[in-house]
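Engineer:
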Amino acid sequence: MKLTVLLENTAARPDLACRHGLSQYLEANGRRILFDAGPSGAAVENADRLGIDLAAVDTCVLSHGHHDHAGGLPAFLERNATAPVYLKPEARGRQVGRKRDGYLYIGVDPVLFAQYGARLRWVEEETDLGDGVVLLTRITRNPDFAQPQDDLQIETGTGYVPDAFLHELILTVREGDGIHILTGCSHSGIVGMVETVLARFPGVPVRSVTGGFHLMVVPRQDRMNCTPEFACALGDKLRTLGDFPIFTCHCTGQLAFDHLHERLGGRIAYLRGGMTVTL
């Protein structure tokens with residue numbers, strides 16, 4: 002599998018845009034997949050600069066219903082006339098962030114549902130897209146490694162409730178005798194997500210894990226929403242789940258990455274916009 006980061010909070014090249022968000026382009030088993038689209042059309046612009054033809058993408062997957070991953074979908078759908086977008090029905094919810102002065106809507110722009118509804122494929126259960134690509138929708142959280150995220154909530158008709166992240170899914174890609182795991186922000190907890198995949202595919206070795214781990218205080222790369230002890234314990238736990246490389250980015254943050262790197266060493270790397278890895 003070949004993975005290119007189209008957009009991330011940082012960029013590896015000065016000619017690439019960077020935004021708080023994430024978009025990744027995958028080539029695997031003959032498929033071309035866009036996994037998230039960032040917060041704006043910047044991911045499409047970066048793809049052009051990287052020489053990646055998004056019009057040739059055959060599948061798009063939205064990891065969860067937050068604007069920093071979904072805001073660029075209209076720009077992608079204007080560029081690409083055929084690829085369906087797979088997402089969970091819960092992504093239609095009103096995801097909000099609690100701020101000091103009230104609540105900020107951080108969900109998917111309703112324009113996506115109104116103008117591009119025919120392109121959307123609602124994923125309620127595990128879905129096999131063919132060519133070794135499977136979307137997992139039922140995520141088992143490991144409470145020891147799931148950070149409290151009280152500032153992320155859902156607006157309902159009667160008020161606000163904690164976000165249970167039912168709008169989140171896992172993208173898995175089976176190649177040969179192994180499987181790659183990709184997440185967006187791992188709001189459900191990266192440990193629980195890896196454990197979900199291991200339980201679903203018993204005996205199949207994990208070849209890589211890629212995604213944000215939501216350990217930073219948005220949008221500060223230099224501040225964590227957890228203690229250093231938690232970040233180190235997370236690194237120790239990931240090390241016990243298998244001998245696979247880990248590629249993180251976006252909402253993990255640089256400071257949390259440094260703590261994870263203390264525990265995982267060369268097994269973990271930080272991905273920036275424009276970087277390509279072959280797994």
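Counting from 2, one number per residue, gives the positions in the sequence shown under my numbering.
Quick reminder that beta carbons are idealized off the backbone N, C-alpha and C, glycines included.
Spatial neighbours of H68 within its chain, please: C-beta separation below 6 Å, excluding the five flanking residues on both sides.
Structural biologist: Numbered from 1 along the sequence shown, position 67 holds the residue referred to as residue 68. Here the set comprises P40 and I107.
Engineer: Give the range of the alpha helix (DSSP H) segment to which Q116 is assigned.
Structural biologist: Indexing the sequence shown from 1 puts residue 116 at position 115. P111 to Q116 is the extent of the alpha helix (DSSP H) around Q116.
Engineer: Just to confirm, is the Cβ distance from H168 to K89 under 8 Å?
Structural biologist: Taking the sequence shown and counting its residues from 1, one reaches residue 168 at position 167. Taking the sequence shown and counting its residues from 1, one reaches residue 89 at position 88. Yes. Within cutoff.
Engineer: Looking only at DSSP bridge pairs, what is C61 linked to?
Structural biologist: For this step, residue 61 is matched to residue 60 along the sequence shown. C61 is bridged to L35 and V86.
Engineer: Can you name, in chain order, every residue of its own chain whose Cβ lies under 6 Å from the Cβ of V205, other than the five neighbours on each side?
Structural biologist: Along the sequence shown, one-based indexing puts residue 205 at 204. Same-chain partners within the cutoff: I180.
Engineer: Alpha carbon to alpha carbon, how far is D164 from Q150? Give it in angstroms, no decimals.
Structural biologist: Looking up residue 150 in the sequence shown gives position 149. Looking up residue 164 in the sequence shown gives position 163. In a straight line, the C-alpha of Q150 is about 8 Å away from that of D164.
Engineer: Measuring alpha carbon to alpha carbon, tell me which of T60, G66, A71 and N30 ends up nearest L8.
Structural biologist: By one-based count along the sequence shown, residue 8 stands at place 7. The option with the nearest alpha carbon to L8 is A71.
Engineer: Applying the criterion that 16 or more other CB atoms from any shown protein chain within 10 Å of the CB defines a buried residue, is D37 buried or exposed?
Structural biologist: Indexing the sequence shown from 1 puts residue 37 at position 36. So D37 counts as buried.
Engineer: Beta-carbon separation of C186 and H215 under 8 Å?
Structural biologist: Translated into positions along the sequence shown, residue 186 becomes position 185. Translated into positions along the sequence shown, residue 215 becomes position 214. Contact: yes.
Engineer: Put F77 into one of helix, strand or coil per three-state DSSP.
Structural biologist: Within the sequence shown, the letter at position 76 stands for residue 77. In the structure shown, F77 sits in a helix (DSSP, three-state: H, G or I).
Engineer: Among F114, V210 and G94, which has the Cα closest to the Cα of L280?
Structural biologist: Position 279 of the sequence shown, counted from the start, is the residue given in the question as residue 280. Comparing Cα-Cα distances from L280 to each of F114, V210 and G94, the minimum goes to V210.
Engineer: In the structure shown, what three-state DSSP assignment does H168 receive?
Structural biologist: Residue numbering aside, residue 168 sits at position 167 when the sequence shown is read from its first letter. If DSSP states are grouped into helix, strand and coil, H168 belongs with coil.
Engineer: Is the distance from the Cβ of Y117 to the Cβ of L78 below 8 Å?
Structural biologist: Here residue 117 corresponds to residue number 116 of the sequence shown, with the count starting at 1. Here residue 78 corresponds to residue number 77 of the sequence shown, with the count starting at 1. Yes.
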